[in-house]
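Remarks on the structure that follows.
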Amino acid sequence: MSNLRLPERPGEVIDRGTPLSFTWNGKSFTGHRGDTIASALTANGVEVFARSMKYKRKRGIMTADHWDPNLFVQVGDEPNVRAGSRRLEAGMQVSAQNVWPNLNFDVGTANQVVGRFLSSGFYYKTFMRPKWFWHNVYQRVLRKFAPGGRIHWETSTHGAYDKRYAHPDVLVAGGGPAGMAAAVSAAEADAKVMLVEHEPELGGHLRWGDADDLAALAELRSAVDAHPNIEVLLDSTVTGRYDHNWVAVMQRSHDIAPERLVKARVGSLVVAPGLIERPYVFSGNDTPGVMLSGAARRLINLWAVKPGSKAVVLSANPEGDAVIADLEAAGVEIVAALDARAGDDIAEVKGSGRVSKVVLGDGRTVDADLVVTATGWTAPTSLLNMAGDRPVYDPSAARYFPNQVPDNVLATGGITGNGSTAELAAHGTATGTLAANRALRLRHARRAAASRARSPEGPRPEVLEDTRTPLARVPHPECYLSSGANAKKGMVDYSEDVAAKDLVQAAGEGFDSIELMKRYTTVTMGPTQGKLETVNAAAVLAKARQMEMVDIGTTVWRPPYAPISLGALAGRIFEPVRRSALQDWHDAHGAAPLLAGQWVRPDHYGDPMGEALNVRENVGIIDVTPLGKLDLRGPDVTKLLELVYVNKWQKLDIGRVRYGTMVAEDGVVSDDGVTGRLGEDHYLMTTTSSGAGAVWEMLEDYLQTYRPEWDVHVTAVTGGLTSINVAGPKSRELLLRLVDGVDLSPEAFPYFNVRRGTVAGVEDCIIWRIGFTGELSYEVHVPSGHALHVWEALLANGEDLGIKPFGVESQRILRLEKGHYIVGQDTDGLTKAPSAGLGGLVKLDKPDTLGLPELKAAYERTDLPVLVAVQPDDPQLVPTEADQIVDGDSNRILGRITSSRMSPTLGRSVCLGQVDPSLAAAGTSVTILLVDGRRTTGTVQEHHAHVDPEGVRQNV
Amino acid sequence: MPTSIPRGCDRMSDFKSPITAGTVTAADGSVAVADETATAKVVVRAAAGTAAATDLGVGFGESRLRADGTLVCGTRPEEWTLFAGLERAGELAASIDTTGFVSVLDITHGRAMIRVSGPKAAKVLEKVCNVDLSDDMTPDGAVFSASVAKVTCDLLRSDRDGEPSYLISCERSFGGYLHAALADACTEFGATLPAGLGIH
Amino acid sequence: MAKHGYTYSAGKLLKHGLSSGAWPRMWRRPEARSSYDVAIIGGGLHGLATAYYLAKEHGITNVAVLDKGYLGGGGSGRNTAIVRSNYLTPEGVAFYDRSLDLYNTMAQDLNLNVMFSRRGHLTLAHTDSALRTMHWRAEVNKLQGIDSSVIDEHEVKKQAPSLDTSKDTRYPILGALYHPPGGIVRHDAVVWGYARAADHLGVHLLQETEVLDILCEDGEGPEGKGAGGRVTGVRTNRGDISAPAVVNCTAGWASLLSNMAGVTLPITTHPLQAAVTEPCKVFLPTVVVSGSLHVYVSQTDRGELVFGASVDPVGTYRVNGTLEFTEELAGHVLELMPGISKMRLLRQWSGLCDMTPDYSPVMGTTQVDGYFVDVGWGTYGFKAGPVAGETMAETIATGRDADLIAPFHISRFTEGDLVGEKGAAAVGH
Amino acid sequence: MIVVPCPNCGPRNSSDLRPCGEITSRPDPATASLSEWRTYLYLRENPAGWVTETWYCRSGCRRYFTIERNTATNEIRDSEVS
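Protein chains in written order, with the numbering used here: chain D, 1 to 956; chain Z, 957 to 1156; chain H, 1157 to 1585; chain X, 1586 to 1667.
Below, the structure written as structure tokens:
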């Protein structure tokens, strides 16, 4: 391969002293530090980088920057790397990705031959018959043609990505002359500034400009560097602007992560992205060797690479004129310098794999290997779009301009008009001052509004009027579609292989709005997302419909402005985990972890059936800390309880406990638990583990918005009190050894009472005589800093009593044996109170309780499902939870099993289920459909409790 | 009968924090994350106009250090949190005039507490907390609540010797996780995590 | 197929390829008449399907479909194109099963390849309770003849090898509800297929025609609107159109239109966002949904991953999307497939969902005579499009709510029972 | 991520709060008809424009408060901080 590296250029960014070796499709190459992958390969004479998506046409360098549609490569295990912007690193393994079997020979090129049949939406119009053909053949072929790189599953994993928040007063998107000037003036006005530049260096187009440009750049850069209020993020892209100036910045190449997402709440967003050069549509415009003026200038001036040897240049603007000088300086022969302003044109380019001949607009054909076009600009209005702007096309300047942006978004630089470097910088300076003023006014207001902030010193800054002199709009010819006879074969969308003729066809078929055309042809939907093709697409549509560009509109540019890796968006994955004070102990003693919401809990310690039986026979202890606990204080707690529970709460003596069920305003069972009265105005409420947060917020809601006159303080104390249930016939005996200050005798401390006392020397414990297991049991709430001490004391002192810890699975078994239902498992999103078998618990004669009208209505109905206990007639058969209860041999559903376990106590299976009321009577036989399709029968029981329905065991 | 009944439980020495890892410090000392759970914490809820509200003397968002070393924070409207040495919880609670609609609750065991301190403390926090921590929005002494690594926390900026420092407390059961998340955020600034400490 | 249609086929493709002759328009741009038998508001999938079945099954062709923008510009073009029928309630199952049938034969019925890819649909379970709900759904499905079963994590790995099914993740995959008939469809093609077919049968598709008011008389509310009244037509930006039957098929905007008829709906509007990545070689053969992780994902034949999540919590008519959606999405997707962290998100977008309290639609007749609703679709609108069109057409033609949609009548919110779909709907795509 | 102006905490990211929807008025449950009750439960104006809605400051002061927000633009009325 040839060496196309030029002698040193004044603005070059390569470090000739640091060679970097890398491979391309398995072959070794050398580039320099500062090269991009594309510049290094081009310097080595590589001309073809990729194959196009549909027709597999060879593709070469086109824009030589991040947006280049032809420079997608695989680097190691990273797919879809932009070779036009990714800087070269030593040892990179780079390969072409959309090729099969290889870049030089691709079987898909056959599509070029049949291309005339693969018009817009051709797939919608065929492969319908026979039906199997679509599923079995064509769809599979289509998948083979999917473009893009490959995931390397053996090495890829979610690695070290990162995020941070930022709160700059002014964020400047774009570090060209206007953006740099805006950053400096905003900083000088005392604003905190973040300046974000897409490329690895500040400067924008000045970087590949002439000596004057380089001098101006040096001056602006030093002003930025000198200012302490400016944080500069290079190789970073503002990818989105969301409501209230929430701005996403993707920072590449940070030490901590390959990509880091910065989320900034910005006072004023200054949009200064410059302009994106637009390709020209003519036949052969995607042949390698056809490139835009910016690409040629960047190759020559940044990386000192000679882009070709014989060039045809089509210029419609001064940048196009400048490229001629650069090409000549690089030793490229100018075969034809065409001036679009004078009516010159390119009709067609010929060549496969590289430009060989160019048919000019005047009919001449010339030999050339390079075609450079400078036919105009696309204003990257993406961020302005996201701020609500709908930019407007100006035919005299042949591009779109911002229209109406909100006050907290300001545009400057090339996106707003043309100017010399000095004029651009002046506009930037004025914009920066304005942006700072608006941001500092906002900061003043925010400080005044936030209780934690230092009160703002002095008055709020006065509103600064927008007196900026707009940049000029220099006339520019409308160069979109060549006058050549075959021009419509020219590509509009390179990444999607959509030619102008495809768009014309779509318009003719009725897809004649830009959005419909986009959807039908997929134009602008590829990886460049319209940055190169959207204006050309609108121009082709306008021509097809014989309309003005102004009336066509454009597609909406959606975020992100540049694609962001999923890794960067995810960042470090924060999934808060809650652990009780005893969880370390459980882990150390072989507990199987159970993830229950955010909590980690002990599911069992190896033998859930044995652990459950031990509770029936001896004594067991379980950590039930996740149980929601709310401390309620104040003179009006009773009123609150009356409101939120279905039952009555008057006359609950101090030391007494009551069970309560909550329903929502729609009458559906929402939570349950016990509440005990600890003092005159002091109660402790327990909730389900999963419902703890919601119940707390619900109590606050009614207290704050419905009954603000009630005096109740609610404090969540869930984690502060480690809850240990001590259950089993020997639980009292065990506690007698450890409890001080509480008379544990059944007479002094009966069922459904609560006491405060000292346990194992720990004061301020709360002891409840309640339980979910049906045994004599006590729930001990211990201040969590001492919980491990109490837990270990219980174990040590219960050794001779046969104590064993038990986990959640054993508790599920025990509670099911007792027929206690679980809200959310045995009830569902439609279960109203009567269905849950609450019977007399619900008091409909209260003046106010949540969901009261629904409760009244529900109790008048006879068709609601009923929760019942069911025992399968085959005692060894344990139905799967959610098995359906059906009407005999038919498929009519009459209910379902909601809970099901083998009972170690009874040696048989036991269930709870919801059934149609016709099946609710005790003794009714029900048909249960098993997972394997068999049907079996079960019998409805008289009580919910399978074990000890009279409650003798817990009342001893 | 068992041989011994461990009646003794010393409030101080037996107090267990949910955070088991030690202090994590950046190599250059620019930031440190330390467990301060073993602190007495008392929450006071007092309606406006009560003696307690007046005595506490700071509004929501503010804090002050009392002469006796108690840190009084205006945690929420009509809500204060008092911090002091672990042994002083009872004393703090008893010091509040409970005339009127006032509740006093010892939450020493209910909250884990972590201090992030050093010149880079704010840089660490801004990786996991979306609140603007600049000096004018969140000056020394500022009290606020916010989500930190997706856990709701009460925060106090409590500089020491002119060096930024933040006290962060959360529901106790999140303590281990939050400590790991904050320590993880320090790795960018040169901290090395102890084995086993990580958010994943 | 149609009265004056043009049939697509491989032969036609060959002919046009050789001659380079222009294809005919898929639909006309007609001038509006002053009166129609039925005015359908909303030129999306539901409105167009309703028009098509009115014309095809009931011979009612004097029908206008009015859209304020272009055809399929709302939810029809913004959804993630997943279809399935493995719902939780018998009402839901019967309804969506019919819809899936219609999707199966749609390419032939409409003579447009809608590219139905029947690729299987996995709803992952990460908790015991999720697994229980999966069983519930599978059992209800089986009883109605739907192919649906619970599979374990090993079988999940076989169906979707890129998923991380190891045990040491924060949300380990315990199993999944597997529904082989589920899949994805080219959503725009469905819209165009119905539009083209309806146009060929004589229906007027009036684009860029915004309904400003619904005209009523005899109702108890102001201007004769509300209960007890009847509809007389609509006022549009292009003038009044009289019609004795007006159908609201406007999804996210349903409340705004319904308020014009004096019928308040049990609906709030929330954005549902979606996103797509750059293409990579195809590796994900099935549709994967995780309710616990609030994400669903499928890979197109072009290699792009298409993602969705649950609706945004903040109700709004804004469709510009949020950053936090993409952040949460990426975090959750990477919990399922850590290997794709280097894939890049290319584009995000947002549609509006008309959410009801029970995650089930509001369909059929209303308290205003001649005013029909086909709304409240929430996140299920695309799946239901064909059957919604078919049943709404029957309801309009007969004046009586079709059997399949009777459970979804608006009166359930004031008189009867809600539908129990919410139980399984956290993210039910 | 919109900014919600909490009257206590000042401007906060919406993720720190919970949106509770259009403000509703709870009828007297003792006297309300089922139809009135269900209107309160289910029916919503759902306008594309200004709406008075409730938010709960979940990660901040734990207070419920109302704001006026334009659901077509997400603009918040009289708020200079968002």
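Even for Gly, the Cβ is constructed at its ideal location relative to N, Cα and C. All of these numbers come straight from a predicted model, not from anything done at the bench.
Asked                                                                                                                                        : Found
Contact with chain H by proline 1590(X), beta-carbon distance below 8 Å                                                                      : no
Residue-level contact to chain Z via CB, aspartate 631(D), 8 Å cutoff                                                                        : yes
Residue-chain proximity (arginine 1623(X), chain H), Cβ-Cβ < 8 Å                                                                             : yes
Beta-carbon gap between valine 624(D) and glutamine 598(D) smaller than 8 Å                                                                  : no
Contacts around methionine 491(D), its chain only, beta-carbon distance under 6 Å, and the 5 residues preceding and following it disregarded : Asn285, Asp286 and Ala499
Buried or exposed by the 16-neighbour rule on C-beta atoms within 10 Å, applied to glycine 363(D)                                            : exposed
The beta strand (DSSP E) enclosing phenylalanine 1039(Z), as first and last residue numbers                                                  : 1035 to 1041
Beta-carbon proximity of alanine 982(Z) to cysteine 1109(Z), cut-off 8 Å                                                                     : no
CB contact below 8 Å: serine 1019(Z) versus chain X                                                                                          : no
Closer than 8 Å to chain Z by CB, aspartate 1601(X)                                                                                          : yes
Closer than 8 Å to chain Z by CB, asparagine 1598(X)                                                                                         : yes
Where lysine 997(Z) sits in the DSSP three-state scheme                                                                                      : strand
Within-8 Å CB hit, phenylalanine 1569(H) to chain X                                                                                          : yes
Beta carbon of glutamate 1373(H) nearer than 8 Å to that of threonine 1392(H)                                                                : no
Rounded Cβ spacing between glycine 1377(H) and aspartate 1525(H) (contact assumed at less than 8 Å)                                          : Incorrect: roughly 14 Å between the Cβ atoms, too far for contact.
Residue closest to serine 1051(Z), alpha-carbon to alpha-carbon, out of Pro1095(Z), Val1080(Z), Val999(Z) and Lys1083(Z)                     : Val999(Z)
Three-way DSSP call (helix, strand, coil) for threonine 1590(H) in this model                                                                : Residue 1590(H) lies beyond the residue range present for chain H, which begins at 1157 and ends at 1585; the question has no answer from this structure.
CB contact flag (arginine 260(D), lysine 192(D), <8 Å)                                                                                       : no
Bounding residues of the beta strand (DSSP E) (the contiguous stretch that carries valine 535(D))                                            : Valine 535(D) -> not in any beta strand (DSSP E); alpha helix (DSSP H) instead, spanning 534 to 545.
Beta carbon of serine 451(D) nearer than 8 Å to that of asparagine 1659(X)                                                                   : no
Beta strand (DSSP E) segment containing serine 1285(H), residue limits                                                                       : Counting along the chain, serine 1285(H) falls outside any beta strand (DSSP E), though it belongs to the alpha helix (DSSP H) covering 1284 to 1299.
Proximal residues of chain X, C-beta to C-beta of arginine 1001(Z) below 8 Å                                                                 : Those do not exist, as arginine 1001(Z) stays about 11 Å from chain X at its closest Cβ, beyond 8 Å.
Within chain Z, the residues that arginine 447(D) reaches when beta carbons sit closer than 9 Å                                              : Asp1092 and Met1093
Short CB-CB distance (under 8 Å) between alanine 1657(X) and chain D                                                                         : no
Cβ of histidine 1135(Z) within 8 Å of any chain D Cβ                                                                                         : no
Stretch-stretch touch, CB-based, cutoff 8 Å, three pairs: the stretch 1058 to 1076 of chain Z with the stretch 155 to 169 of chain D         : no
Local Cβ density within 10 Å of serine 1190(H), reported as buried at 16 or more and exposed below that                                      : exposed
Beta-carbon neighbours of tyrosine 1473(H), restricted to chain X and to distances below 7 Å                                                 : Ala1633, Thr1656 and Ala1657
Length of the line joining the Cα atoms of proline 1612(X) and serine 1466(H)                                                                : 32 Å
Short CB-CB distance (under 8 Å) between lysine 1159(H) and chain D                                                                          : Confidence at lysine 1159(H) is low in this model, with a pLDDT of 47, below 50, so its placement is unreliable and no value can be given for it.
Segment limits, alpha helix (DSSP H) that includes threonine 1006(Z)                                                                         : Careful: threonine 1006(Z) lies outside any alpha helix (DSSP H) and carries neither H nor E.
Cβ pair glutamate 665(D), serine 810(D) closer than 8 Å                                                                                      : no
Three-way DSSP call (helix, strand, coil) for lysine 488(D) in this model                                                                    : helix
Cutoff 7 Å; reference serine 1398(H); Cβ partners in own chain excluding five residues on either side                                        : Ser1190, Ser1191, Thr1388 and Gly1389
Spatial distance of methionine 957(Z) from alanine 160(D) (CA atoms)                                                                         : Residue placement at methionine 957(Z) is flagged as unreliable, the pLDDT there being 47, under the threshold of 50; a coordinate-derived value is accordingly withheld.
Exposed unless 16 or more other CB atoms sit within 10 angstroms - verdict on phenylalanine 105(D)                                           : exposed
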